[in-house]
């Protein structure tokens, strides 16, 4: 069986993604090079964490 992280760990990963997006936005506001990459990586982390949370929740409904 697949072993997914707990909801707490997924939520912390989601918060890390939010932090990266905020840092990327602040750096973009100051025209720092590579700031768009921070935002893009943060959004990707958020997307993966949310997909895993929804999948884990849906899998728990079947049981």
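Residue numbers (my numbering): 82 to 144. Virtual Cβ for every residue (Gly too), placed ideally from N, Cα, C. Only a predicted model underlies this, so the values are computations on that prediction, with no experimental measurement involved.
Neighbour-count burial assignment, residue i, 16 or more Cβ in a 10 Å radius
{"i": "residue 117", "result": "exposed"}
{"i": "residue 96", "result": "exposed"}
{"i": "residue 128", "result": "exposed"}
{"i": "residue 101", "result": "buried"}
Residue i versus residue j - alpha carbon distance
{"i": "residue 91", "j": "residue 132", "result": "10 Å"}
{"i": "residue 105", "j": "residue 87", "result": "27 Å"}
{"i": "residue 120", "j": "residue 140", "result": "30 Å"}
{"i": "residue 103", "j": "residue 94", "result": "14 Å"}
Host alpha helix (DSSP H) of residue i (start-end)
{"i": "residue 141", "result": "116-143"}
{"i": "residue 84", "result": "Where residue 84 is concerned, there is no enclosing alpha helix (DSSP H), given that its DSSP letter is neither H nor E."}
Neighbourhood of residue i by C-beta distance below 6 Å, restricted to the same chain and skipping five residues each side
{"i": "residue 109", "result": "116"}
Interface flag, residue i vs chain D, CB-CB below 7 Å
{"i": "residue 135", "result": "Of the protein chains in this structure there is only one, and it is not chain D."}
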